[in-house]
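S.K.:
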Amino acid sequence: MHWVYYSGRILARLILVTMTRWQVKGRYNIPEQGPLLIVSNHLHVVDPPTIAASLPLKTVFMAKEELFHHCFSRYIVKNFGSFPVRRRGVDREALRQAEYWLKRGVSLIIFPEGKRSSTIEMQPAFPGSAHLASRFGFPVLPVSITGTEKLREPFWWLRRPRITVNIGQPFYLPSANGKQTKEELYQLADSIMEHIAALLPLEYRGSYAREGKINYQPSGKNRS
């Protein structure tokens, strides 16, 4: 890991402690052994470092490919532990990068919505997170984040907004047996989002405010 990664985590914690009312819930749900596929809703550009700072894990994250088009932003996000992903379809190179890190024990942060919410409500998920979870069989750790949307407001630091990271119970998606259809992947992606939604206040749930069947297997049980 690059020095930007370690200094960035320290800086993120310092800002969160001094300029916000930062709260992390559910740390007891983090497995003692990784790696994990960490999935979360997405409200603000600071969500990746905020989640990374909230977890006692070495992490990398997928970032939209547009951030890699400019030298400065590419240097920062790459050395902070990110790699580019195309948000539509299945990005084979991003999958190879994900597999590379996961097999080396580094947990991966991914935002299934593929972009930040322009409001606070969850948006429909892209299938990439489901493809990763079912293909590689790593446990999925659902995380919700609230309050970072307040950082869009002028002089937010004067109000020290409350930022809450809520960590849920890890689970497994069914393993992929052969090629999965697009419909199957979208259904699995929805089940991932329902786990995240369960950790959020109702007003944040958006497309996932309904009650639905969740298709998963808790990580505490043996998989078939």
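Sequential numbering from -9 applies to the sequence shown in this note's numbering.
Cβ coordinates follow ideal geometry from the N, Cα and C atoms, glycine included.
1) Ser107: which of Asn19, Pro151, Glu139 sits nearest, CA to CA?
2) Indicate the three-state DSSP secondary structure (helix, strand or coil) for Thr171 in the structure shown.
3) Alpha carbons only, please: which of Arg94, Arg3, Met9 is nearest the one belonging to Trp146?
4) For Gln113 versus Glu103, is the C-beta distance shorter than 7 Å?
5) Would Leu6 pass as a contact of Trp12 if the rule is Cβ separation under 7 Å?
6) Rounding to the nearest angstrom, what Cα-Cα distance links Thr136 and Thr40 in this structure?
7) Report yes if the C-beta distance between Leu92 and Pro25 is below 7 Å; otherwise report no.
8) Pick helix, strand or coil for Met52, following the three-state DSSP scheme.
9) Between which two residues does the beta strand (DSSP E) holding Leu92 run?
10) In angstroms with no decimal places, state the Cα-to-Cα distance between Ser30 and Ala42.
11) Under the DSSP definition of a beta bridge, which residues are partnered with Ser15?
12) Any idea if Thr49 is buried or exposed, counting beta-carbon neighbours within 10 angstroms, 16 or more meaning buried?
13) First and last residue of the alpha helix (DSSP H) that includes Ile99?
14) So which of Ser134, Pro132, Leu141, Gly(-2) has the shortest CA-CA distance to Ser72?
15) Over the uninterrupted alpha helix (DSSP H) stretch that includes Pro38, give me the two end residues.
16) Nearest CA to the CA of Lys15: which residue from Met183, Tyr176, Ser124, Gly158?
17) Would Leu189 pass as a contact of Ser124 if the rule is Cβ separation under 7 Å?
18) Tell me the DSSP secondary structure of Leu27 in three-state form.
19) Buried or exposed, going by whether 16 or more other CB atoms sit within 10 Å of the CB of Leu1?
20) Residues bridged to Ile135 by DSSP?
M.R.: Based on what the coordinates show:
1) Here residue 107 refers to the residue found at position 117 when the sequence shown is read from its first residue. The shortest C-alpha separation from Ser107 is found at Glu139.
2) Working through the sequence shown from its first residue, we reach residue 171 at position 181. Thr171 falls in the coil class under three-state DSSP.
3) Mapped onto the sequence shown, residue 146 falls at position 156. When each option's Cα is compared against that of Trp146, the closest is Met9.
4) For the purposes of this step, residue 113 is taken as residue 123 along the sequence shown, with counting starting at 1. For the purposes of this step, residue 103 is taken as residue 113 along the sequence shown, with counting starting at 1. Contact annotation: Gln113 and Glu103 have beta-carbon atoms nearer than 7 Å.
5) Numbered from 1 along the sequence shown, position 16 holds the residue referred to as residue 6. Numbered from 1 along the sequence shown, position 22 holds the residue referred to as residue 12. In this structure, Trp12 lies closer than 7 Å to Leu6 by Cβ.
6) Start at 1 with the first residue of the sequence shown, and residue 136 comes out as number 146. Start at 1 with the first residue of the sequence shown, and residue 40 comes out as number 50. Computed Cα separation, rounded: 11 Å.
7) Stepping through the sequence shown from its first residue, residue 92 is reached at position 102. Stepping through the sequence shown from its first residue, residue 25 is reached at position 35. With contacts defined as CB atoms closer than 7 Å, Leu92 and Pro25 qualify as a contacting pair.
8) Taking the first residue of the sequence shown as position 1, residue 52 is located at position 62. Strand, per DSSP.
9) As a working note, residue 92 is residue 102 in the sequence shown. It is not in any beta strand (DSSP E) - Leu92 instead sits in the alpha helix (DSSP H) that spans 82 to 92.
10) Here residue 30 refers to the residue found at position 40 when the sequence shown is read from its first residue. Here residue 42 refers to the residue found at position 52 when the sequence shown is read from its first residue. Going from the Cα of Ser30 to the Cα of Ala42 covers about 11 Å.
11) Taking the first residue of the sequence shown as 1, we reach residue 15 at position 25. First, the residue type needs correcting, since residue 15 is Lys and not Ser in the sequence shown. BP columns for Lys15 point to Asn156.
12) In the sequence shown, the residue the question calls residue 49 occupies position 59. Buried, since its Cβ has 16 or more Cβ neighbours within 10 Å.
13) Reading the sequence shown from its first residue, position 109 is the one you call residue 99. Unbroken run through Ile99 is the beta strand (DSSP E), 97 to 100; no alpha helix (DSSP H).
14) Counting from one through the sequence shown, the residue named residue 72 turns up at place 82. If we check each option's Cα against that of Ser72, Gly(-2) comes out closest.
15) Within the sequence shown, the letter at position 48 stands for residue 38. Start and end: 37 to 44.
16) The residue labelled residue 15 in the question sits at position 25 within the sequence shown. Proximity to Lys15 across Met183, Tyr176, Ser124, Gly158 peaks at Gly158, based on C-alpha coordinates.
17) As a position in the sequence shown, residue 189 is number 199, starting the count at 1. As a position in the sequence shown, residue 124 is number 134, starting the count at 1. Taking 7 Å as the Cβ cut-off, Leu189 and Ser124 do not qualify as a contacting pair.
18) Looking up residue 27 in the sequence shown gives position 37. Three-state DSSP puts Leu27 in a strand.
19) Within the sequence shown, the letter at position 11 stands for residue 1. Around the beta carbon of Leu1, fewer than 16 other beta carbons lie within 10 angstroms, which makes this residue exposed.
20) Numbered from 1 along the sequence shown, position 145 holds the residue referred to as residue 135. Its beta-bridge partners are Val155.
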